[in-house]
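S.K.: Residue numbers (this note's numbering): 44 to 468.
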Ligand SMILES: *Cc1c(COP(=O)(O)O)cnc(C)c1O
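#1: Considering Cα atoms alone, identify which of 272, 207, 142, 286 is closest to residue 243.
#2: Among residues of its own chain, excluding the 5 on either side of residue 288, which ones have a beta-carbon nearer than 6 angstroms to its beta-carbon?
#3: Across which residues does DSSP place residue 249 in a beta bridge pair?
#4: With 16 other CB atoms within 10 Å as the buried threshold, where does residue 193 fall?
#5: Quick check: is any heavy atom of ligand 1 less than 6 angstroms from the C-beta of residue 262?
#6: Ligand 1 heavy atoms versus the CB of residue 289: any closer than 6 angstroms?
#7: Residues in its own chain within less than 7 angstroms of residue 302 by CB, not counting five upstream and five downstream?
#8: Out of curiosity, what's the CA-to-CA distance linking residue 333 and residue 101?
#9: Hey, is residue 131 close to ligand 1, as in C-beta under 6 angstroms from one of its heavy atoms?
#10: Enumerate, from N- to C-terminal direction, the unbroken alpha helix (DSSP H) stretches of 4 or more residues contained entirely within the region 356-420.
#11: On the DSSP letters alone, give me the boundaries of the alpha helix (DSSP H) that residue 341 sits inside.
#12: So, residue 199 versus residue 226, is the Cβ gap smaller than 7 angstroms?
#13: Who are residue 198's beta bridge partners in DSSP?
#14: Thinking residue 419 and residue 452 are a contact (beta carbons under 8 angstroms), I'd like their distance in whole angstroms, please.
#15: Thinking residue 121 and residue 270 are a contact (beta carbons under 8 angstroms), I'd like their distance in whole angstroms, please.
#16: Which residue marks the beginning of the beta strand (DSSP E) containing residue 446, and which one marks its end?
#17: For the candidate residues 347, 71, 139, 219, whose alpha-carbon lies nearest to that of residue 108?
#18: In the DSSP assignment, find the unbroken alpha helix (DSSP H) run with residue 61 in it and report its ends.
#19: Hey, would you say the C-beta of residue 15 is under 6 angstroms away from at least one heavy atom of ligand 1?
#20: Taking 7 angstroms as the limit between beta carbons, can you name the residues of its chain near residue 235, skipping five residues before and five after?
#21: Rounded to whole angstroms, how far is the Cβ of residue 266 from the Cβ of residue 304, which I believe are closer than 8 angstroms?
#22: Let me know the secondary structure DSSP gives residue 116 once reduced to three states.
#23: Just how far apart, CA to CA, sit residue 462 and residue 395?
#24: Please decide whether residue 182 counts as near chain B, where near means a Cβ-Cβ distance under 7 angstroms.
#25: Does DSSP classify residue 439 as helix, strand or coil?
#26: Taking 8 angstroms as the cut-off, does the region 146-164 touch the region 178-186 (at least 3 CB pairs, one atom from each stretch)?
#27: Mind listing, in chain order, the continuous beta strand (DSSP E) runs of no fewer than 3 residues lying wholly within the region 120-164?
#28: Are the CB atoms of residue 261 and residue 328 within a distance shorter than 7 angstroms?
#29: Could you check what DSSP says for residue 79 in three-state terms: helix, strand or coil?
#30: Of the residues 362, 74, 136, 157, which one's Cα is nearest the Cα of residue 443?
#31: Distance check for residue 431 and residue 154, CA to CA, integer angstroms please.
#32: Taking 6 angstroms as the cut-off, is the C-beta of residue 192 nearer than that to any heavy atom in ligand 1?
#33: Decide if residue 105 is buried, meaning its Cβ has at least 16 other Cβ atoms within 10 Å, or exposed.
#34: Taking only heavy atoms of ligand 1 into account, decide whether any of them is closer than 6 angstroms to the Cβ of residue 227.
#35: For ligand 1, is there any heavy atom lying closer than 6 angstroms to the beta carbon of residue 199?
#36: What residues are listed by DSSP as bridge partners for residue 51?
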């Protein structure tokens, strides 16, 4: 597969798969097996010593999961990827891959609600401090960096502000300080709209539950290792100093430039257990086969819906990076390809009551707290996805009582606009 540099649309249906030589089936088989046989005592010992690659147990590796991982690494232009049980576990395992008690990471205020709560509560309870900058600008992030900072964490098209961080100065600042950049690229749709690693970021993370799966049928996550960062033992002992978890091996030596992914797998997945089911990886692979087609349709539909809402007299404002009036339009034009994303927010006139009434009147658009489905989904973030935030935190994240978030699906756009127009009356 690697002789010609295949384009995205080809990689999304083929990368990572070798046709099974026994069955010769075209689909990736579901290897629904918990454990794997060892050829002999030495073979088993070598696997456990990490001196030979191979399957031991599905909590660590699985052949179906591996095809999905290789495909995601190809689509995100990384050197390796690790599939996880959910997007939450992908974020969690990425942070704890490099941070211990007393360490910190610096992030922007524009985060997915679940990530915000993990950062503000769970990681804090574990002794990992998350420092929230006033904005996603490089200078605001830099102000919070100190000697114990291990990463800058950003969300691409952060939920729900849909900010596009200016990656170039942020990556320059982080690397100047010897710190890596982690990007939750869920809204970058499997790398089709945006590839953080191409812009110098070090790790791309996804909730595969969203556009990668694409049909609302399975939870999953993935961590893609860019393979360029120099993990030093002083700054990153978990990757570059002897690990007590594996009788003193140094992950950077065992896994080379894929040390970040390697440790997520043999330490994170092995010890925490947030591994995906092979069946779910099969569904992710099915989703990936059409991801560029769905992305194009979702983005085209979202832009048309955003333009309709912007013109409507009952709508106070629309937030979509594809609209020329968006504060992020210029950065979106610089960094995004193939569209401006599948999700928008809008504020209706008449406050909370008007927002609630609108949701109640929709017939086609489903009232659901998720995104990235083939079906259009709407939710009221202040009372649901971002309800764990205080009113001040909600305001900082751009969550208002009259705000609605719409994840635009692949339906006929005239039907979507009809549904909104009727409900807005
Ligand atoms: C949904 C989501 C997550 C969490 O992923 P799950 O698969 O639901 O665990 C993390 N980040 C972003 C941006 C998301 O949209």
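Yeah, the Cβ is synthetic: ideal placement off N, Cα and C, and Gly gets one too.
M.R.: The answer reads as follows:
#1: Here residue 243 refers to the residue found at position 200 when the chain shown is read from its first residue. Looking from the CA of residue 243, the closest CA among 272, 207, 142, 286 belongs to 272.
#2: Start at 1 with the first residue of the chain shown, and residue 288 comes out as number 245. Leaving aside the five residues that flank residue 288 on each side, the residues in its chain whose CB is nearer than 6 angstroms to its CB run, in chain order, 310.
#3: For the purposes of this step, residue 249 is taken as residue 206 along the chain shown, with counting starting at 1. According to the DSSP secondary-structure assignment, residue 249 is paired through a beta bridge with 265.
#4: Here residue 193 is taken as the residue at index 150 of the chain shown, counted from 1. Buried is the call here.
#5: For the purposes of this step, residue 262 is taken as the residue at position 219 of the chain shown. For ligand 1, at least one heavy atom lies less than 6 angstroms from the Cβ of residue 262.
#6: Translated into the one-based positions of the chain shown, residue 289 becomes position 246. Residue 289 Cβ: outside cutoff for every heavy atom of ligand 1.
#7: As a working note, residue 302 is residue 259 in the chain shown. Excluding residues within five positions, the ones whose Cβ falls inside 7 angstroms are 274, 282, 294, 295.
#8: Working through the chain shown from its first residue, we reach residue 333 at position 290. Working through the chain shown from its first residue, we reach residue 101 at position 58. About 27 angstroms.
#9: In the chain shown, the residue the question calls residue 131 occupies position 88. Relative to ligand 1, the beta carbon of residue 131 is positioned inside 6 angstroms of a heavy atom.
#10: If we require 4 residues or more, the alpha helix (DSSP H) runs fully inside the region 356-420 come out as 372-378, 394-404.
#11: Counted from its first residue, the chain shown places residue 341 at position 298. Bounds of the alpha helix (DSSP H) holding residue 341 are 334-354.
#12: As a first step, residue 199 is located in the chain shown; it is residue number 156 there, counting from the start. As a first step, residue 226 is located in the chain shown; it is residue number 183 there, counting from the start. Yes, the Cβ-Cβ distance between residue 199 and residue 226 is below 7 angstroms.
#13: Residue numbering aside, residue 198 sits at position 155 when the chain shown is read from its first letter. The secondary-structure analysis by DSSP pairs residue 198 across a beta bridge with 227.
#14: Residue numbering aside, residue 419 sits at position 376 when the chain shown is read from its first letter. Residue numbering aside, residue 452 sits at position 409 when the chain shown is read from its first letter. Yes, residue 419 and residue 452 are in contact; Cβ-Cβ is about 4 angstroms, under 8 angstroms.
#15: By 1-based counting over the chain shown, the position of residue 121 is 78. By 1-based counting over the chain shown, the position of residue 270 is 227. With 8 angstroms as the limit, residue 121 and residue 270 qualify as a contact, their Cβ atoms being about 6 angstroms apart.
#16: As a first step, residue 446 is located in the chain shown; it is residue number 403 there, counting from the start. 446-450 is the span of the beta strand (DSSP E), which, as asked, contains residue 446.
#17: As a working note, residue 108 is residue 65 in the chain shown. The residue with the shortest Cα to Cα distance from residue 108 is 71.
#18: Stepping through the chain shown from its first residue, residue 61 is reached at position 18. Where residue 61 is concerned, there is no enclosing alpha helix (DSSP H), given that its DSSP letter is neither H nor E.
#19: A question about residue 15 goes unanswered here, because the residues of the chain that appear run from 44 up to 468.
#20: Counted from its first residue, the chain shown places residue 235 at position 192. The beta carbon of residue 235 is closer than 7 angstroms to those of 51, 334, 335, 338, 381 in its chain, skipping five residues each way along the sequence.
#21: Against the chain shown, residue 266 aligns to sequence position 223. Against the chain shown, residue 304 aligns to sequence position 261. With a Cβ gap of about 6 angstroms, residue 266 and residue 304 count as contacting.
#22: Here residue 116 refers to the residue found at position 73 when the chain shown is read from its first residue. DSSP places residue 116 in helix when its eight states are reduced to three.
#23: Indexing the chain shown from 1 puts residue 462 at position 419. Indexing the chain shown from 1 puts residue 395 at position 352. Their Cα atoms are separated by approximately 20 angstroms.
#24: The displayed structure is made up of one protein chain only, and chain B is not part of it.
#25: Along the chain shown, read from residue 1 onward, the residue named residue 439 stands at position 396. Helix.
#26: By the C-beta criterion, the region 178-186 is judged to be in contact with the region 146-164, since at least 3 inter-stretch pairs fall below 8 angstroms.
#27: The qualifying runs are 123-127, 147-150.
#28: Locating residue 328 in the chain shown gives position 285, where the first residue counts as 1. Locating residue 261 in the chain shown gives position 218, where the first residue counts as 1. Taking 7 angstroms as the Cβ cut-off, residue 328 and residue 261 do not qualify as a contacting pair.
#29: Start at 1 with the first residue of the chain shown, and residue 79 comes out as number 36. DSSP, read as helix, strand or coil, puts residue 79 in coil.
#30: Taking the first residue of the chain shown as 1, we reach residue 443 at position 400. Nearest option by C-alpha distance: 362.
#31: What you label residue 154 is simply residue 111 of the chain shown in a count that begins at 1. What you label residue 431 is simply residue 388 of the chain shown in a count that begins at 1. In this structure, the alpha-carbon of residue 154 lies about 13 angstroms from that of residue 431.
#32: For the purposes of this step, residue 192 is identified with residue 149 of the chain shown, where counting begins at 1. Checking the Cβ of residue 192 against ligand 1 gives no.
#33: In the chain shown, counting from the first residue as 1, residue 105 sits at position 62. Its Cβ being crowded by 16 or more others within 10 Å, residue 105 is buried.
#34: Here residue 227 refers to the residue found at position 184 when the chain shown is read from its first residue. Within the cutoff, so yes.
#35: Along the chain shown, read from residue 1 onward, the residue named residue 199 stands at position 156. False, no ligand heavy atom lies under 6 angstroms from that Cβ.
#36: Position 8 of the chain shown holds residue 51. Per DSSP, none; premise fails for residue 51.
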